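Notes follow once the structure below has been shown.
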Amino acid sequence: MNKVNFKPHKFLRNLLAAILIVLAVFPFLASSTQAGNLTAMSDTMSRLKVSVAANHLISFTMTAGTNLIENETITVTFPAAFDTSTIDCGDIDLMDDAVDEDLNNEAGGCTATATEWGAVFASDVLTLTAPSGASTYIAGSSVVVVEIGTNATTEGTGNEQIVNPGSSGSNKIDIGGTFGDTGSMAVPIMTEDQVTVSATVDPSITSSLSSATCALGTLSVSAINFCSYTNTINTNASSGYVSRLYEDGNLRDGANDINDAAGDNDVDEGSEEYGVSSNDTTGSQDIVDSTGCDDSGTTEAASAITGSGISNAQSYANDTVPVSAQVTTVCHSASVAGTTPAGAYQHLVTHITTGTF
Amino acid sequence: MSNPARLALSLLILTCLLASFQGLALAFPSSSTNFKLEGEFGIFGGAKTSTNYRLTDTGGGFAPGFSDSTNYRACSGFQCVGSLVPSITFTLSATTINLGTLTTGAVNNASHTATVTTNLGGYSLTVVEDGNLRDSPDDVNDVSDGAVTAGAEEYGLATSESGQAITQDTDCPNSPYSASGLTTSPQTVANATDPTSSSGETTTLCYAASISGLTAAGAYQQILTYIATGTF
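Below is the structure:
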């Protein structure tokens, strides 16, 4: 029987040597298989609804120790439920730390060249291939952004989008490629991603006359007599309103009447004339504008009231937008000649205000 | 035992130890041209997929399953491999919001919820409008002073979450009617930096509107698009 001659110092020496050898060699063995895990991975889509087309904005951060060099690839693998069949390199942008990378375009064949990235979509896998010219194209810790769809605007705007799956649920998207890092993320697809908000504003309009009578007093040849009242309008009609008036006949006393103001649109002192004006100076109305309505001169702007019945009503105020408490002053004025028969004259003027909603 | 034998034995032991530690990081995931193995813990087990099949299996396990409380979340057992597959779901409790007939004497409001569930990361929930609440060419003005007030032409949205682009209102149906104007650029209404509970994180979204006497009559409408994005 052989006696085992155990020598502790030799064992420790050998163990130390073994540790040094393993520590020296193992990192190389390990690095040949270890892939870095991407971080901050996200895919911001423009629509999440089933079966609709959507843009994708994919973002991820590379590990610190990974440098993407020439000819290496980044792959983005979508589930087969997405329809990526229409996507080409014109619909793709690639950014490294917010700086656009130069992608080959459709005219150039979409594949990588010595100076341009390739971007090819096949079987739901987007492969981005770095240029063949020797260089580090994306350094470690970089934030990489891939835009797919009409949100790709570098060197032209994309015109196709990926179509979402036809059923709702979580869908995993994988990122990989020969550059070494890998990762997975997910996007939610849902039956409906939109909310329709509605509200109603009921139509409204009010018209209020300040007085239902307008007494011109005793007319004379040496004055122009006046009376006035206001019409106050409130309406939410989107195209505003128009106020009109019409008479039941001339200002009269039986068979006698006061002549309507002549075509010169005023009442002259000492002339048998009667008419009406309004202070709405905006817009174009049938009734003449006047801001006076006082006995300050020998003439007063006034139009004859010629309309009898609603179909012949004459406009005197209007607006084209909703109004709140818009006040229009209506001014009646008259004078007489020496031949105007004595009498108590009267007529009815009807006001109609119409909103345009 | 000879010295070379001892050296070889030491190398073997150390290599196995290091390989076992490294294996913890490398065991998930692995793949080849034809398959991807989501997990390979224990004797056998994991989620395996190819073009034509999808399979999850386990070979043993002790007290498997999810458990959580206010302060912790735990996942035990081989099938927790499945939970390592990133997942996010998003649901809206309603896709129509009718604010009714607006008047100058009140603030009308209505709400719905949005629920996001993620397992491996946080999320961000944004809203984008397709234009103002409108009956073209008229619209209801966006609220600009932080709250919708009766008698003023104002419309906006509030969220139950704090720290968002859209203002917070945790007492939706009641005054004050805090709200932010909506835009055609994404505005956050909710977010989280960590995975949600298994039942998800629910946000209440509250709409409020009022009008002035000058607000044009009409049937107003707008479409809002909600987008949930997971960050893994």
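Protein chains in written order, with the numbering used here: chain D, 785 to 1141; chain R, 360 to 591.
Virtual Cβ for every residue (Gly too), placed ideally from N, Cα, C.
Given the structure is predicted, the values throughout are model-derived calculations rather than measurements.
Asked	Found
Through-space distance from ASN491/R to GLU1057/D, alpha-carbon basis	54 Å
Entirely enclosed alpha helix (DSSP H) segments - the stretch 814–899 of chain D, minimum 4 residues	none
Host beta strand (DSSP E) of CYS1011/D (start-end)	1009–1019
ASN1096/D - DSSP class collapsed to helix/strand/coil	helix
Within the stretch 902–980 of chain D, ranges of the beta strand (DSSP E) (whole runs, at least 3 residues)	902–906, 909–913, 920–922, 927–932, 953–960 and 967–973
Rounded C-alpha distance that separates PRO1113/D from ASP1052/D	Pro is not the amino acid found at residue 1113/D; the sequence shown has Thr there. Looking at the two C-alpha atoms, the distance is approximately 21 Å.
Cβ-Cβ distance between ILE932/D and GLY953/D below 8 Å	no
Candidates SER571/R, THR448/R and LEU541/R, of which the one nearest VAL834/D by Cα	THR448/R
ILE1136/D versus SER1012/D: straight-line alpha-carbon distance, rounded	17 Å
Cβ-heavy atom distance, LEU1003/D to the ligand SAM, below 7 Å	For the ligand SAM, the structure offers nothing, since it holds no ligand at all.
VAL507/R versus GLY459/R - alpha carbon distance	16 Å
GLY1143/D versus ALA1086/D: straight-line alpha-carbon distance, rounded	No statement about residue 1143/D is possible, as the shown extent of chain D runs from 785 to 1141 and does not include it.
Nonlocal neighbours in the same chain, by C-beta distance under 6 Å from CYS1077/D, ignoring five residues either side	PHE1010, SER1012 and CYS1115
Cβ of GLN546/R within 8 Å of any chain D Cβ	no
Beta-carbon proximity list for ASN851/D, same chain, < 6 Å, skipping 5 on both sides	THR920, ALA923 and GLY924
Chain R contact for SER982/D (CB, 8 Å cutoff)	yes
Simplified DSSP state of LEU461/R, which is helix, strand or coil	coil
Within chain R, the residues that GLN945/D reaches when beta carbons sit closer than 7 Å	Simply none; closest approach about 14 Å.
Collapsed DSSP secondary structure at VAL809/D in the structure displayed	Here the model assigns VAL809/D a pLDDT of 48, short of 50, so the residue's position is not dependable, and the following value carries that caveat. In the structure shown, VAL809/D sits in a helix (DSSP, three-state: H, G or I).
GLU856/D versus SER519/R - alpha carbon distance	46 Å
8 Å Cβ cutoff, LEU492/R in contact with chain D	yes
ALA386/R (DSSP reduced to helix, strand or coil)	Caution applies to ALA386/R, whose pLDDT of 38 falls short of 50 and renders its modelled position unreliable; the value that the coordinates give is listed next. Three-state DSSP puts ALA386/R in coil, outside helix and strand.
Exposed unless 16 or more other CB atoms sit within 10 angstroms - verdict on ASN550/R	buried
For CYS589/R, the residue or residues it bridges with in DSSP	Reading off the sequence shown, one finds Gly at residue 589/R, where the question assumed Cys. DSSP, once it has assigned bridges, lists TYR482/R as partnering GLY589/R.
Chain-ordered chain C contacts of ARG831/D [CB-CB under 9 Å]	As a matter of chain content, chain C is missing from the structure shown, whose protein chains are D and R.
Top-ranked residue by Cα proximity to GLY472/R, from ILE570/R, THR574/R, PRO554/R and LEU516/R	Note on residue identity: the sequence assigns Thr, not Gly, to residue 472/R. Minimum Cα distance to THR472/R is reached at LEU516/R.
Cβ of PRO445/R within 8 Å of any chain D Cβ	yes
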